[in-house]
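S.K.: Sending over a structure as structure tokens; questions will come in a sec.
Residue numbers (my numbering), protein chains in the order written: chain A, 328 to 630; chain B, 18 to 427; chain C, 94 to 424.
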């Protein structure tokens, strides 16, 4: 019994002494923080993707609380829902922005873009890009070693082994641009999700002349300009032998999709078209959307 | 087909247009900056087009295509084989001539020679070191050159000495070439040049390693250059080219290329003109062997694997190697077993395993701290790695990115 | 061109013929002389223990890779075989099979695979397995059969004898015949007794460049120097240096275990520091510790310090010495 007492008492005493020390240390070194920082952070997705331009969600929260406004502070992953919550915490009005999503501007799957050489180096896009022009004849397109997968903070990208191209899970994608930053070739572009999550984009960035691009890849944009001619909204420009759809002008009518001879223009999330030949005026054409009140940040990766 | 980017630094600007007739040795692209070099036509004919086409890098770059018609040389070029030993030009004239003739380092790095030979104010060139060490295994181009053009190289040395004001000339030759050492030593006596046999060791031909081996000085970390330790290094190939430029008024448009490979019928050293497609050289040695799996422009340790055999010879093409299918496949990558072989192999005293890991996780600040910029990309670490990890690939990527970051900060 | 595609890769385009597999099997070959000696002295028991240990190590690695990690299995890269062999060499020849299997599970399962498999383990798996067994089954692990030449069949399993170090630890100074110790005719774990066989293997590894001289020389040199000082102070109380080097697992540890690539430092300088540390700790434990043999503990302790040593002992960067003062100013 004595032993028990002699062990319990000193240990308890030690515990109490240490607790007192800790208490004072904590008091002395306490960092006063605005409690709103925690509240703001709680509204954010917590993926620390850096898409806002601040070091993680905490960084954005601190910036918001410190400056007391929301100018230039927008969480692309949480979108308007998260930002309105943040605004509520701060007693401000959130600026509505179009939700963004990443798209892969390359359709050169293995069957469309034949390999011309075998790449045998380290299996990362950055190194493959620095070594040579990749194992196909296209020096612009996706290399398929998945650097973008590593750059994704939401687990939204995976490489499809059959096509050799990355596939983006649009539901998971936060539009932070982490993947676009990782891609050494600028294949991935962050674009607005579009109305009803439907969007049209050119799935190719090959700047070679038509014949050469075609030789390298059957799905290449050959810069023929047919899409630009057919577009009723002048949303499409052809520069350096590549077409580009300006998402501020595009109304998702999909005339260009039908016109493209190589199928390089992708339309996402549209209901499947009827098998019958398209009528002169497709039914799917939505009514012209009301002009967007907000300025869409231009995330175009022009290279 | 002549690419306009054949050297380190800014690419040259074409000065000919489609339809122009050119002669051998005529200037067709002009240097655009201090670190840049002129490019001359290697053939006579008409300019067919100036267009982007695939080159050694695997990417498309601007090239000047010339349809070959006859072989008409510029009259100013002295085509006699006579040896001219008398140096009449002044140091400035020599440098200007070298620049005009577009001489670059022919070892592979293709650094413009006139830049190297311009000794900056306040610095002194004590030693001129001529690199007779074959840059890489398999290559024998410099070896042949030393045997066949011994005297010319000696005169070339004297020319460079005049241009730089060097006190001493040392020619370093690896001691697996006794014939070259003997012949060069014999010839060097007349000119007061020292020939120094060196241990056979890769990368003995690296500029920094060569200075260490010959005069036992170590160049500090970049941006220090050989001149900071009082040395100027030139390759024997470049020395020969300088001789031809200064004494014979002949621009650099042809060079000796080693064409070899294990299953090549008759490996040769070929005097090839710049712009010749590799396929022509390969045809000259008996054609592409059946079992070729990889064709490399340059040496086995630092050369570039080419995507197409139509890429042209450039001023920096020291060799064309054909690897067998079995040789061209890298071994499977295993886990690093931390054996430290890469550390002991690194001639710059770096820790390749660490640099590789840092490059993999993209920690570029730490990479800079670990002195990734010191790396000379010799490839020894990848060569020695028992786990078959492409260490050099990662380090090269890391180094390139760090350089890019540093440039963007400036 | 379709089927004759050229390979594209960054330089270098050539590779030395070295591979992890070759390195591992070189270690196995280097261990064979010692194995033969142990078969000579312990007979079939030596083969039994070694085989069980190797098979158990490979099996554990395979099971974990196949069912736990669901990745590719790499049991034939030789690393599990080396671990198994070293583990067997570190236990008495009459050890029960289930104890060996437990040792293998600890060695591969806990010391190696938990950290991510080959190349990622901070501690030498074989030593972790051995130390685990030593602490868990002290009596079985320290009951050594007396070496019996193979033809001497009488009472093969019955006789157990003390080891030189065990006697030393009890305070007895015994006059051992160094020749016997050199050949291996003394009590001890399965593979650790024969100095000559271990040295032959060590020389083979040096020639094959699997190990460098740094670690063995540093370990043995330190042990000799340290024990020589003690011996000089009081020769009646402390053993002489040669005894320390020949007795116990000193050679096995210095040549095969401490030099394990994964758990030793990267640079020559670091290896020397590491070896000196092992030498000092070994003699400390042998002389004043409660265990007769300190080699395995010493190696484990120094294993833990390897990352620090790696950080501290950087190789000399090229051009560092001649760094001109203005270079400093620029930075």
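For glycine and all other residues, C-beta sits at the position ideal for the given N, C-alpha and C.
So, for residue 32 of chain B: in the same chain, excluding its five sequence neighbours on each side, which residues have a beta-carbon less than 8 Å away from its beta-carbon?
M.R.: 44, 45, 46 and 47, listed in sequence order.
S.K.: So is residue 286 of chain B buried or exposed if we call it buried at 16+ other beta carbons inside 10 Å?
M.R.: When all chains shown are included, residue 286 of chain B counts as buried.
S.K.: Between which two residues does the beta strand (DSSP E) holding residue 144 of chain B run?
M.R.: Residue 144 of chain B -> beta strand (DSSP E) spans 144 to 148.
S.K.: What separation, rounded to the nearest whole angstrom, lies between the Cα atoms of residue 491 of chain A and residue 108 of chain C?
M.R.: Going from the Cα of residue 491 of chain A to the Cα of residue 108 of chain C covers about 29 Å.
S.K.: With burial defined as no fewer than 16 other Cβ atoms inside 10 Å of the residue's Cβ, what is the status of residue 229 of chain C: buried or exposed?
M.R.: Flag for residue 229 of chain C reads exposed.
S.K.: If we cut at 8 Å on Cβ distances, does residue 372 of chain C have a partner in chain B?
M.R.: It does not; no Cβ of chain B falls within 8 Å.
S.K.: Can you pull the chain B residues whose beta carbon is under 7 Å from the beta carbon of residue 102 of chain C, in chain order?
M.R.: Here the neighbours are 322 and 347.
S.K.: How many angstroms separate the CA atom of residue 432 of chain A from the CA atom of residue 277 of chain B?
M.R.: Roughly 42 Å between the two C-alpha positions.
S.K.: Give the residues from the segment 128 to 159 of chain C that approach chain B closer than 8 Å (Cβ to any Cβ), ordered along the chain.
M.R.: If the cut-off is 8 Å between Cβ atoms, the segment 128 to 159 of chain C has nothing near chain B.
S.K.: Taking the C-alpha atoms as reference points, what is the distance between residue 197 of chain C and residue 218 of chain C?
M.R.: So the alpha carbons of these two residues sit roughly 9 Å apart.
S.K.: Do the segment 190 to 207 of chain B and the segment 230 to 238 of chain B meet, that is, are 3 or more Cβ pairs less than 8 Å apart?
M.R.: Counting Cβ pairs under 8 Å, fewer than three are found: no touch.
S.K.: For residue 492 of chain A, which beta-bridge partners are listed by DSSP?
M.R.: Looking at the DSSP assignment, residue 492 of chain A forms a beta bridge with A:487.
S.K.: Roughly how many whole angstroms lie between the Cα atoms of residue 128 of chain B and residue 282 of chain B?
M.R.: So the alpha carbons of these two residues sit roughly 33 Å apart.
S.K.: Going along the chain, which residues of the segment 98 to 125 of chain C sit with their C-beta nearer than 8 Å to a C-beta in chain B?
M.R.: Listed by position, the residues of the segment 98 to 125 of chain C near chain B (Cβ gap below 8 Å) are 99, 100, 101, 102, 103, 104, 105, 106, 107, 108, 109, 111, 112, 113, 115 and 116.
S.K.: If we count the other Cβ atoms within 10 Å of its Cβ and call it buried at 16 or more, is residue 350 of chain A buried or exposed?
M.R.: With fewer than 16 Cβ atoms within 10 Å of its Cβ, residue 350 of chain A is classed as exposed.
S.K.: What did DSSP end up calling residue 298 of chain A once you bin it into helix, strand or coil?
M.R.: Lying outside 328 to 630, the shown extent of chain A, residue 298 of chain A is not represented and no answer is given.
S.K.: Check the Cβ-Cβ distances between residue 466 of chain A and every residue of chain C, and say whether any is below 8 Å.
M.R.: No, residue 466 of chain A lies away from the interface with chain C (no Cβ there is under 8 Å from its Cβ).
S.K.: Over the uninterrupted beta strand (DSSP E) stretch that includes residue 82 of chain B, give me the two end residues.
M.R.: Residues 77 to 85.
S.K.: Could you confirm whether any beta carbon from chain C is found closer than 8 Å to the beta carbon of residue 353 of chain B?
M.R.: With 8 Å as the cut-off, residue 353 of chain B counts as an interface residue toward chain C.
S.K.: Taking 8 Å as the CB-CB cut-off, is residue 604 of chain A touching chain C?
M.R.: The predicted position of residue 604 of chain A is uncertain, since its pLDDT is 44 and thus under 50; no value can be drawn from it.
S.K.: Beta-carbon separation of residue 174 of chain C and residue 147 of chain C under 8 Å?
M.R.: Cβ atoms of residue 174 of chain C and residue 147 of chain C: closer than 8 Å.
S.K.: Residue 353 of chain C to residue 422 of chain B, Cα distance in whole Å?
M.R.: Each residue's Cα considered, the two are about 39 Å apart.
S.K.: When you compare each of C:412, C:199, C:188 and C:180 to residue 234 of chain C by their alpha carbons, which one comes out closest?
M.R.: Closest option to residue 234 of chain C, Cα to Cα, is C:188.
S.K.: Cutting at 7 Å between CB atoms, please list the residues of its own chain near residue 414 of chain A, excluding the five before and the five after it.
M.R.: Only 397, 420 and 421 meet the Cβ criterion.
S.K.: Identify whether residue 416 of chain A lies in helix, strand or coil by the three-state DSSP scheme.
M.R.: Helix at residue 416 of chain A.
S.K.: By the three-class DSSP mapping on this structure, what secondary structure does residue 309 of chain C have?
M.R.: Helix at residue 309 of chain C.
S.K.: Excluding five sequence neighbours on each side, which residues of the same chain lie with their C-beta closer than 6 Å to the C-beta of residue 611 of chain A?
M.R.: Any answer about residue 611 of chain A is weak, because its pLDDT of 40 lies below 50 and its placement is not dependable; what the coordinates show is given next. Around residue 611 of chain A: no qualifying Cβ.
S.K.: The alpha helix (DSSP H) spanning residue 444 of chain A covers which residue range?
M.R.: No alpha helix (DSSP H) holds residue 444 of chain A; the beta strand (DSSP E) holding it covers 444 to 446.
S.K.: Leaving out five residues before and five after residue 405 of chain B in sequence, what residues of the same chain have Cβ atoms less than 7 Å from its Cβ?
M.R.: Answer for residue 405 of chain B: 347, 348, 349, 350 and 351, listed in chain order.
S.K.: Answer with yes or no whether the minimum CB distance from residue 429 of chain B to chain A is below 8 Å.
M.R.: What the structure shows of chain B is the stretch from 18 to 427, and residue 429 of chain B is not part of that stretch, so it cannot be assessed.
S.K.: Measure the C-alpha to C-alpha separation of residue 107 of chain B and residue 548 of chain A and round it to an integer number of angstroms.
M.R.: Going by the C-alpha atoms only, they are around 57 Å apart.
S.K.: Give the secondary structure of residue 252 of chain C by DSSP, where H, G and I count as helix, E and B as strand, and everything else as coil.
M.R.: Note on residue 252 of chain C: pLDDT 49, under 50, position unreliable in the model; no value is reported.
S.K.: Do you know how far the Cα of residue 477 of chain A is from the Cα of residue 205 of chain C?
M.R.: Distance between the alpha carbons of residue 205 of chain C and residue 477 of chain A is about 27 Å.
S.K.: Take residue 139 of chain B and list the residues in its own chain whose beta-carbon comes closer than 6 Å to its own, dropping the five residues that flank it on each side.
M.R.: For residue 139 of chain B, where only same-chain residues beyond five positions count, there are no Cβ hits under 6 Å.
S.K.: Could you tell me which of C:330, C:341 and C:331 sits nearest to residue 182 of chain C, measuring between CA atoms?
M.R.: Checking every option, the nearest Cα to that of residue 182 of chain C belongs to C:341.
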